Amino acid sequence: MDEKVFNIKREYSIPEFFKEELDSEQLDAVINSTGRSLIIAGPGSGKTRVITYKIAYLLSQGIKPENILLVTFTRAAAREMVERVRNVTNVDTSSLTAGTFHHVCNMILRRYAKVIGYENNFTILDSEDAKDLMRIAKNEYKETLTKEEAKQIPGEGVILKIIGYAANTLKSIREAILDMAAYLIDYQEDIERIYMNYLEMKKKINAMDYDDMLINTLHLLETNEDIRNYIASKYQWVLVDEFQDTSLVQLRIVEFLSSVHKNLIVVGDDSQSIYSFRGSRFENVEEFQSHEDVKLFKIQTNYRSVPEIVELENYLIPTHSIPKKLKPYRSSYHMKPVIVKTYDELEQADFIVQLIENKFDEGVSPEEIAILYRSHSLSMVLQQKLDVKKISYKLLSGKRFIETRHIKDIMAFLKILANPYDNISWTRVLKLFPGIGQKTLTKIVNEFYANLMEYPTPYGAFEQIKFRKYPKAKEIILYLFENSDENPQDLIDYIYNEFYREYLELNFKDAYSRKQDIERLGEIASRYKSVESFLEELALSENIEIQSAEKDRKNERITLTTVHGAKGLEWKVVIIISVNPGDFPNGMALKEKKIDEEERLFYVAVTRAKDELYIVKQLTGTTKPYYGNSFYMRQKLPDFTDKIPKELVEHWKIGYSD
DNA sequence: TCCGGGGTTTTTTTT
DNA sequence: AAACCCCGGA
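Here UniProt numbering is used: position 518 in the first sequence is 518, and no number is missing along the way.
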């Protein structure tokens, strides 16, 4: 149907009020960043505000929202910024493209995958899926070797790390091995062969892992001028947030996406680059800055933290950073940051519970308190204590929700609906049924694949398979194939009620909390209409927030998160726990000589605090057994609290009143 | 062919 | 916590 277009003139707010909302550094960055610009934004300097007003400014100049591309680090950040733009401008921002690199790539690939030899309905492998697949690829290769030879082959984790590194740096496997694991150079050929297996398997099941999504997008833009120009001409302005955590591939992608209009604004803080394990290159910032046409803006006033904390932050600016000095804006607070020495993890947990209760008594809301740690395991003792004391919390990053066994089981059922060739999910699903082991399931799956050639639908193909011994398995899988168009929540309910509830009760001591997780999964699924969109979003979106075991009536909870999960957030009271050599900085990272990144991580942690900062350490160090190994015993590891000048902090030790 | 028991290994951060 | 291996009994 042809519709006639009736053009009306858009009304935009006049940006006069910007001058009241922004300081001179921010205003300069908003108005004068044109062409290619780099905005170095210190912690708490109003970075989000600058991006928001930059977009508002562009809209006020008559740029249409659909011609703006905003790339952020998390989906949540994108949503928040778009919402703020809408509030500032009253412009309908729904056509503005905003999301993470992976969302943007996904959008492009869903449309053009065929051009580079994929089906448009490719599935996305999360890192767990990739690991499973790599394990199979490795074992397949091992079968061609003798037992002795097979023993020497590096593990799938190492191989994934190498190929991930190669992908993100655009290097060959050989170069990657030499760069990061030179001792494995004798196994170059083995690794390459395993890698080929892995590629083949991914292709066979029409899947891409996270690296593929970036690499394939780059490849598409690089090799197809027409497509590149078509997409790039749409985006008059490209803005990139958290630029210090972009990889080389990501940098190339945004360069291509901005190649027609050449307006590329990147915002970041090189001192806060904490994702090098994922290919992030803080060098991107320095390199970008070094181009002659790039305009540089610095915004360095700190609006977030009290001067006592800002002073400490200035001391902790990581060694290899673009020189900067943060200027405090807020007025003085009644206390300095605190370093607390506790005896062990239990005492640390007791102290934190007591501190939190004191803060509640002072009237601080739970939402304003956060506990940060280097790795999940460091929060376990504390979690138990909080549960006992009935202090409710939310985990921004637990062991990622979808990586737990029971959630993966349920998801495997849905995955075979979206992609009947998903071998890994078939294995997972069939093994759940008593009596079906490796041999039987291989037979079933092979027969199913063979049938798929003959029968038009998976339902038809599966129906043909004889299941005399396992009628329940057949009944359930057939039902799911038959109803695969239903909304995902109903399917999850079906799996749970008909089968998985009983399985949980029989096999897990902690069935209760796992049941709650599945209920949560159902809730999340209810927001999606199709299995495909649900799976896609779950693979691409950030952590799902997990509630504590204690069901709370009030929705007020303190936050527990890794430092990585705390990126971009802020709280009135921040407690950093287990700041011990080996825990934070992390022992494994130090072994790989990544002390710089640990420093940046600590800097990120400290800069999250608005009013009160507690750095808690234990005299005994950690209680985890494997830290008692030779590496930890042999060396004196750096202690972050050592280099903090005494006069900048208060020192507390624990005493007992009762 | 399946399953359970015992033993071992992993060793961080995540789109 | 959860995967793997090996082995012996059903």
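Glycine is no exception: its CB is placed at the ideal position from the N, C-alpha and C atoms.
All values reported here derive from a predicted model rather than from experimental measurement.
What residues in its chain sit with their C-beta under 7 Å from that of R174, if we drop five residues either side in the sequence? In the first sequence, residue 174 corresponds to position 174, counting from 1. For R174, where only same-chain residues beyond five positions count, the Cβ hits under 7 Å are Q188.
Report the option in G62, V338 and N419 whose CA atom is closest to the CA atom of K204. Your numbering for residue 204 matches position 204 in the first sequence. Looking at the Cα atoms, N419 is the closest of the given residues.
In the structure shown, what three-state DSSP assignment does D639 receive? Start at 1 with the first residue of the first sequence, and residue 639 comes out as number 639. If DSSP states are grouped into helix, strand and coil, D639 belongs with coil.
CA-CA distance, N229 and M453? Within the first sequence, residue 229 is the residue found at index 229, counting from 1. Within the first sequence, residue 453 is the residue found at index 453, counting from 1. Going from the Cα of N229 to the Cα of M453 covers about 39 Å.
Can you say whether E599 is buried or exposed, counting buried as having 16 or more other CB atoms within 10 angstroms of its CB? Taking the first residue of the first sequence as position 1, residue 599 is located at position 599. Buried: at least 16 other Cβ atoms inside 10 Å.
Please confirm if the region 492–500 is in contact with the region 454–465, defined as three or more CB-CB distances below 8 Å between the two stretches. no
Rounded distance between the beta-carbons of I576 and A605, thought under 8 Å: Position 605 of the first sequence, counted from the start, is the residue given in the question as residue 605. Position 576 of the first sequence, counted from the start, is the residue given in the question as residue 576. Right, their Cβ atoms sit about 5 Å apart.
Using the C-alpha atoms, what's the distance from S541 back to K551? The residue given as residue 551 occupies position 551 in the first sequence. The residue given as residue 541 occupies position 541 in the first sequence. Residue placement at K551 is flagged as unreliable, the pLDDT there being 47, under the threshold of 50; the coordinate-derived value follows with that caveat. In a straight line, the C-alpha of K551 is about 25 Å away from that of S541.
Using three-state DSSP, classify P154 as helix, strand or coil. As a first step, residue 154 is located in the first sequence; it is residue number 154 there, counting from the start. Three-state result, P154: coil.
In its own chain, which residues sit with a C-beta less than 7 Å from the C-beta of E20, not counting the 5 before and 5 after it? Position 20 of the first sequence holds residue 20. None.
Can you tell me which residues form a DSSP beta bridge with I558? Against the first sequence, residue 558 aligns to sequence position 558. Partner(s): Y393.
Does G522 come out as helix, strand or coil in the three-state DSSP assignment? Within the first sequence, numbered from 1, the residue matching residue 522 stands at position 522. Here G522 sits in helix by DSSP.
If the criterion is Cβ atoms closer than 8 Å, does the pair A78 and G99 meet it? Counting from one through the first sequence, the residue named residue 78 turns up at place 78. Counting from one through the first sequence, the residue named residue 99 turns up at place 99. The answer is yes: Cβ separation under 8 Å.
Hey, K295 and G35 are a contact pair by Cβ (cut 8 Å); roughly how many whole angstroms apart? For this step, residue 295 is matched to residue 295 along the first sequence. For this step, residue 35 is matched to residue 35 along the first sequence. Going by Cβ atoms, the distance from K295 to G35 rounds to 7 Å, so yes, they are a contact pair.
Could you work out which residue in N120, I116, G157 and Y333 is closest to D132 when comparing CA atoms only? Against the first sequence, residue 132 aligns to sequence position 132. When only C-alpha atoms are compared, the closest one is G157.
If W571 and I444 are in contact, beta carbons under 8 Å, what's the gap, nearest whole angstrom? Your numbering for residue 571 matches position 571 in the first sequence. Your numbering for residue 444 matches position 444 in the first sequence. With a Cβ gap of about 52 Å, W571 and I444 do not count as contacting.
Could you please give the first and the last residue of the uninterrupted alpha helix (DSSP H) stretch that includes Y503? Here the question's residue 503 lines up with position 503 in the first sequence. Run containing Y503: R501 to N507, per the alpha helix (DSSP H) assignment.
What whole-angstrom Cβ distance do I352 and A29 have, given they're in contact under 8 Å? If you number the first sequence from 1, residue 352 lands on position 352. If you number the first sequence from 1, residue 29 lands on position 29. The pair is not a contact, with the Cβ atoms about 39 Å apart (cut-off 8 Å).
For C105, which residues from the same chain have a beta carbon less than 8 Å from its beta carbon, with the 5 sequence-adjacent residues on both sides left out? Here residue 105 refers to the residue found at position 105 of the first sequence. These residues qualify, in order along the chain: M213, L214, N216, T217 and I253.
Assuming A41 contacts V85 (C-beta within less than 8 Å), just tell me the rounded distance between them. On the first sequence, residue 41 is found 41 positions in, with the first residue counted as 1. On the first sequence, residue 85 is found 85 positions in, with the first residue counted as 1. Contact doesn't hold; Cβ gap of about 17 Å is too wide.
Could you tell me if M134 is buried or exposed, where buried requires 16 or more neighbouring beta carbons within 10 angstroms of its beta carbon? Locating residue 134 in the first sequence gives position 134, where the first residue counts as 1. That one is buried.
Which same chain residues, not among the five before or five after A511, have their C-beta less than 8 Å away from its C-beta? Counted from its first residue, the first sequence places residue 511 at position 511. L504 and E505.
What whole-angstrom Cβ distance do K142 and A150 have, given they're in contact under 8 Å? For the purposes of this step, residue 142 is taken as the residue at position 142 of the first sequence. For the purposes of this step, residue 150 is taken as the residue at position 150 of the first sequence. With a Cβ gap of about 4 Å, K142 and A150 count as contacting.
Would the beta-carbon of N168 fall within 8 Å of that of S247? Position 168 of the first sequence, counting from 1, holds the residue named residue 168. Position 247 of the first sequence, counting from 1, holds the residue named residue 247. Cβ atoms of N168 and S247: closer than 8 Å.
According to DSSP, what are the bridge partners of A98? For the purposes of this step, residue 98 is taken as residue 98 along the first sequence, with counting starting at 1. Paired residues: L70.
Is the region 301–321 touching the region 638–649, taking contact as three or more C-beta pairs under 8 Å? yes
Alpha carbon to alpha carbon, what distance is there between E292 and R553? As a working mapping, residue 553 is identified with position 553 in the first sequence. As a working mapping, residue 292 is identified with position 292 in the first sequence. Residue placement at R553 is poorly supported in this model, since its pLDDT is 45, which falls under 50; the coordinates still yield a value, given next. So the two alpha carbons sit approximately 57 Å from each other.
Alpha-carbon to alpha-carbon, S530 and A182: Along the first sequence, one-based indexing puts residue 182 at 182. Along the first sequence, one-based indexing puts residue 530 at 530. Approximately 46 Å, taken between the alpha carbons.
Cutting at 8 Å between CB atoms, please list the residues of its own chain near S33, excluding the five before and the five after it. As a working mapping, residue 33 is identified with position 33 in the first sequence. Result list for S33: I39, K54, I265, K295 and F297, in chain order.
Using the beta-carbon count (16 or more within 10 Å), is H564 buried or exposed? Position 564 of the first sequence holds residue 564. H564 is buried by the Cβ-count criterion.
Integer Cβ distance of E66 from S24, believed to fall under 8 Å: The count along the first sequence starts at 1 and reaches residue 66 at position 66. The count along the first sequence starts at 1 and reaches residue 24 at position 24. The Cβ separation is near 32 Å, so there is no contact.
Is I436 helix, strand or coil by DSSP? Position 436 of the first sequence holds residue 436. Coil.
Closest by C-alpha distance to F508, when choosing among T404, G437 and V338: The sequence position of residue 508 within the first sequence is 508, counting from 1. Considering only alpha carbons, the answer is T404.
Element boundaries [alpha helix (DSSP H), containing G587]: By 1-based counting over the first sequence, the position of residue 587 is 587. Here the alpha helix (DSSP H) through G587 covers G587 to K591.
C-alpha gap between R514 and F401, whole angstroms: In the first sequence, counting from the first residue as 1, residue 514 sits at position 514. In the first sequence, counting from the first residue as 1, residue 401 sits at position 401. One C-alpha to the other measures close to 11 Å.
Name the DSSP beta bridge partners of D209, please? For the purposes of this step, residue 209 is taken as the residue at position 209 of the first sequence. D209 is bridged to L125.
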